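Undergrad: This is the structure, below, for whatever I ask next.
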Amino acid sequence: MRSFPLANPDLAMFPCRRNCRGNPNCLVGIGEQAWLGEIDEDAFHNIEDPNAERRKKNAFVGLTNLGATCYVNTFLQMWFLNLELRQALYLCPSPRCFFYMVEDGLSDYEPQSICEHLQYLFALLQSSRRRYIDPSGFVKALGLDTGQQQDAQEFSKLFMSLLEDTLSSQKNPEVRDIVQKQFCGEYAYVTVCNQCGRESKLISKFYELELNIQGHKQLSDCITEFLKEEKLEGDNRYFCETCQSKQNATRRIRLLSLPCTLNLQLMRFVFDRQTGHKKKLNTYIEFSDLLDMEPFMEDKGGHFTYELSAILIHRGVSAYSGHYIAHVKDPQTAEWYRFNDEEIEKMEGKKLQLGAEEDLEPSKSQARKPKGGKGVYRSRNAYMLVYRLQSRAKSLTTDIPAFLKELVERDNSKFEEWCAEMAEMRQQSVARGKVKHEEVKELYQKLPAKAGL
């Protein structure tokens, strides 16, 4: 009886395709070929390449979704790309931070106030080496429930009010007045008595215009309805100070001033009286790259031409669930980006592309998406449109202050340490795998087998 090693070249010349598990001469049956050949190093470990978590050159930084905080991430990315707001926050002094710098350095410093968290987040979004960062400190400071999706429209209003109140004590007017200058406009509720003609005005501030979309197809129609005259009759009659009695009257809104950043809330989430719950309206609304607000203003002749700068999207059919993403234009390059938590995608050709968001929830009961012309868009998922006043000023530079640079470098150092640690673990796993590979190869060389079986 004759024996020979399984590594005999005669056995490898004719590869078996039947997987003869009962034949010791069949190399496929015992997996010899897999061990005798070259093995990819990735087979020796399950550790992802740490460089995959590294920010690419000229790329934006994403934000981690903490459970149900995608709506927060969309606003953060949009506010970050408002250069005036970012620069104003950088100019806001942080007494706590300066105290740490003077005493023991910033090694133990952690942001506490809303302003400090926002400063730090913006600095990380600008200069972090990570592909995405964790906004949990900011979310925790706001007291938000990470497991429950909040009303995005309500969150926007409340946060702007909170930020304005937080900055109101600052001495620097560029910091103190930034929310007013960027986001705050004024309108007047004008009521006219039908009996005596007396006109009364109630001036009010706004951070966004809340537009009804039911029954409308175009953004301009929504704005027109917002400003239309309302009749006050019957039980809803107006008490006239001149007549000293309730009278029929008319009331409408007059736009007095508009902010640099005009937020238009499309009221997609409305209360359904039949069910007692909120529902989402999937109405297609048409809007364009440019928006001329002059026809809607009380005083004509000003500069009221706006450019589309961001669209906030709600994916899903329910008002209580779904996913939020943002399309935001980079003000420095005019290029559009899709921000989806940790993932960021640059649009091709500096064009806004909404197709992917509009086709996610197809329904036979919904009408087909109508076609739009150049610079005209239609969406059934957009719930907030952001327009920026056409700029005639030079672009801003957003320099990170020294104390924030130090904090960012601290985080970057931690990231580099993590990358080095992961790379070392990968190398060690590969080294152990190669040793095992050689041991198995040596063992196979020694294994005998009977010929002719």
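Take the sequence shown: its position 142, counted from the start at 1, is 142 in UniProt numbering, and no numbers get skipped.
Virtual Cβ for every residue (Gly too), placed ideally from N, Cα, C.
No experiment lies behind these values; they were computed from the predicted model shown.
(1) Quick one: is residue 135 buried, meaning 16 or more other Cβ sit within 10 Å of its Cβ, or exposed?
(2) Could you tell me the alpha carbon to alpha carbon distance between residue 294 and residue 354, rounded to whole angstroms?
(3) For residue 224, report the span of its alpha helix (DSSP H) as first-last.
(4) So is residue 154 in contact with chain B if we call contact Cβ pairs under 8 angstroms?
(5) Label residue 173 either buried or exposed according to how many other C-beta atoms from any shown protein chain fall within 10 Å of its C-beta, with 16 as the threshold for buried.
(6) Is the beta carbon of residue 69 sitting closer than 8 angstroms to the one on residue 146?
(7) Counting only runs that start and end within the segment 238-291, where is the beta strand (DSSP E) found for 3 or more residues in a row?
(8) How is residue 422 classed by DSSP in three states: helix, strand or coil?
(9) Could you say if the segment 376-394 and the segment 300-311 meet the contact criterion of at least three C-beta pairs nearer than 8 angstroms?
(10) Going along the chain, which unbroken runs of the alpha helix (DSSP H) with 4 or more residues stay wholly within the segment 109-178?
(11) Considering only residues of the same chain and omitting the five flanking positions on each side of residue 227, which have a CB-CB separation below 8 angstroms?
(12) Quick check: residue 209 and residue 291, are their CB atoms within less than 8 angstroms of each other?
(13) Pull up the distance between the alpha-carbon of residue 366 and that of residue 282, whole angstroms please.
(14) Given a cut-off of 8 angstroms, decide if residue 81 and residue 299 are closer than it, judged by their beta-carbon atoms.
(15) Taking Cβ positions, are residue 60 and residue 344 nearer each other than 8 angstroms?
(16) Does the segment 137-151 come close enough to the segment 113-129 to have 3 or more Cβ pairs within less than 8 angstroms?
(17) Measure how close the beta-carbons of residue 396 and residue 90 come, nearest whole angstrom, since I'm counting them as under 8 angstroms.
(18) Do the segment 175-188 and the segment 237-244 make contact, defined as three or more Cβ pairs closer than 8 angstroms?
(19) Tell me whether residue 460 sits in a helix, a strand or coil according to DSSP, three-state version.
(20) If contacts are defined as beta-carbon pairs under 8 angstroms, then residue 454 and residue 269 qualify, I think. What distance do you get, rounded to the angstrom?
(21) Return the chain-ordered list of same chain residues with a C-beta closer than 6 angstroms to the C-beta of residue 347, the five sequence neighbours on each side being excluded.
(22) Would you check if the distance between the CB atom of residue 130 and the CB atom of residue 415 is smaller than 8 angstroms?
(23) State the start and end residues of the unbroken alpha helix (DSSP H) segment that holds residue 340.
(24) Using only CA atoms, which one of 218, 157, 175, 233 lies nearest to residue 207?
(25) When burial is assigned at 16 or more other CB atoms within 10 Å of the CB, is residue 442 buried or exposed?
(26) Does DSSP put residue 293 in a helix, a strand or coil?
(27) Taking C-beta to C-beta, are residue 62 and residue 411 nearer than 8 angstroms?
(28) Could you name the residues of the same chain whose beta carbon sits closer than 7 angstroms to that of residue 247, not counting the 5 residues immediately before and after it, in chain order?
TA: Well, looking at it:
(1) Here residue 135 refers to the residue found at position 135 of the sequence shown. That one is buried.
(2) Counting from one through the sequence shown, the residue named residue 294 turns up at place 294. Counting from one through the sequence shown, the residue named residue 354 turns up at place 354. Taking the straight line joining both Cα atoms gives about 28 angstroms.
(3) The sequence position of residue 224 within the sequence shown is 224, counting from 1. Looking at the DSSP string, the run of the alpha helix (DSSP H) that includes residue 224 is 219-227.
(4) Here there is only one protein chain, and chain B is not present.
(5) By 1-based counting over the sequence shown, the position of residue 173 is 173. Label assigned to residue 173: exposed.
(6) Start at 1 with the first residue of the sequence shown, and residue 69 comes out as number 69. Start at 1 with the first residue of the sequence shown, and residue 146 comes out as number 146. Cβ atoms of residue 69 and residue 146: closer than 8 angstroms.
(7) Listed in chain order, the complete beta strand (DSSP E) runs (minimum 3 residues) inside the segment 238-291 are 238-240, 245-247, 249-257, 261-266, 269-272, 277-280, 285-288.
(8) As a working mapping, residue 422 is identified with position 422 in the sequence shown. Secondary structure at residue 422: helix, using DSSP grouped into helix, strand and coil.
(9) Yes: at least three Cβ pairs fall under 8 angstroms.
(10) The segment 109-178 contains these whole alpha helix (DSSP H) runs: 114-127, 136-141, 152-167, 173-176.
(11) One-based indexing of the sequence shown puts residue 227 at position 227. Excluding residues within five positions, the ones whose Cβ falls inside 8 angstroms are 252, 253, 254, 255, 296.
(12) For this step, residue 209 is matched to residue 209 along the sequence shown. For this step, residue 291 is matched to residue 291 along the sequence shown. No, they are not a contact pair.
(13) Looking up residue 366 in the sequence shown gives position 366. Looking up residue 282 in the sequence shown gives position 282. Since pLDDT at residue 366 reaches only 46, below the 50 mark, its modelled position is unreliable, and no value is offered.
(14) The sequence position of residue 299 within the sequence shown is 299, counting from 1. The sequence position of residue 81 within the sequence shown is 81, counting from 1. Not closer than 8 angstroms, so no.
(15) Within the sequence shown, numbered from 1, the residue matching residue 60 stands at position 60. Within the sequence shown, numbered from 1, the residue matching residue 344 stands at position 344. Yes, these two residues count as a Cβ contact at 8 angstroms.
(16) Contact between the segment 137-151 and the segment 113-129 is present, because at least three Cβ pairs lie under 8 angstroms.
(17) Looking up residue 396 in the sequence shown gives position 396. Looking up residue 90 in the sequence shown gives position 90. Actually they do not touch by this definition, with Cβ atoms about 11 angstroms apart.
(18) Note that the segment 175-188 does not touch the segment 237-244; fewer than 3 beta-carbon pairs, one per stretch, sit closer than 8 angstroms.
(19) This structure cannot speak to residue 460, because the chain is shown only from 1 to 453.
(20) Outside the shown range of the chain (1 to 453) lies residue 454, about which nothing can therefore be said.
(21) Position 347 of the sequence shown, counting from 1, holds the residue named residue 347. Cβ within range, chain order: 336, 353.
(22) Counted from its first residue, the sequence shown places residue 130 at position 130. Counted from its first residue, the sequence shown places residue 415 at position 415. Note that the C-beta distance between residue 130 and residue 415 is below 8 angstroms.
(23) On the sequence shown, position 340 is the one that residue 340 refers to. Premise fails: residue 340 lies in the beta strand (DSSP E), 336-340, not in any alpha helix (DSSP H).
(24) Position 207 of the sequence shown holds residue 207. Closest option to residue 207, Cα to Cα, is 157.
(25) Start at 1 with the first residue of the sequence shown, and residue 442 comes out as number 442. In this structure residue 442 is exposed. Its beta-carbon is surrounded by fewer than 16 other beta-carbon atoms within 10 angstroms.
(26) Position 293 of the sequence shown, counting from 1, holds the residue named residue 293. The answer is coil: DSSP assigns residue 293 none of H, G, I, E or B.
(27) As a first step, residue 62 must be located in the sequence shown, where it is residue number 62. As a first step, residue 411 must be located in the sequence shown, where it is residue number 411. Cβ distance not < 8 angstroms, so residue 62 and residue 411 don't count as in contact.
(28) Looking up residue 247 in the sequence shown gives position 247. Same-chain partners within the cutoff: 193, 194, 195, 237, 238, 240.
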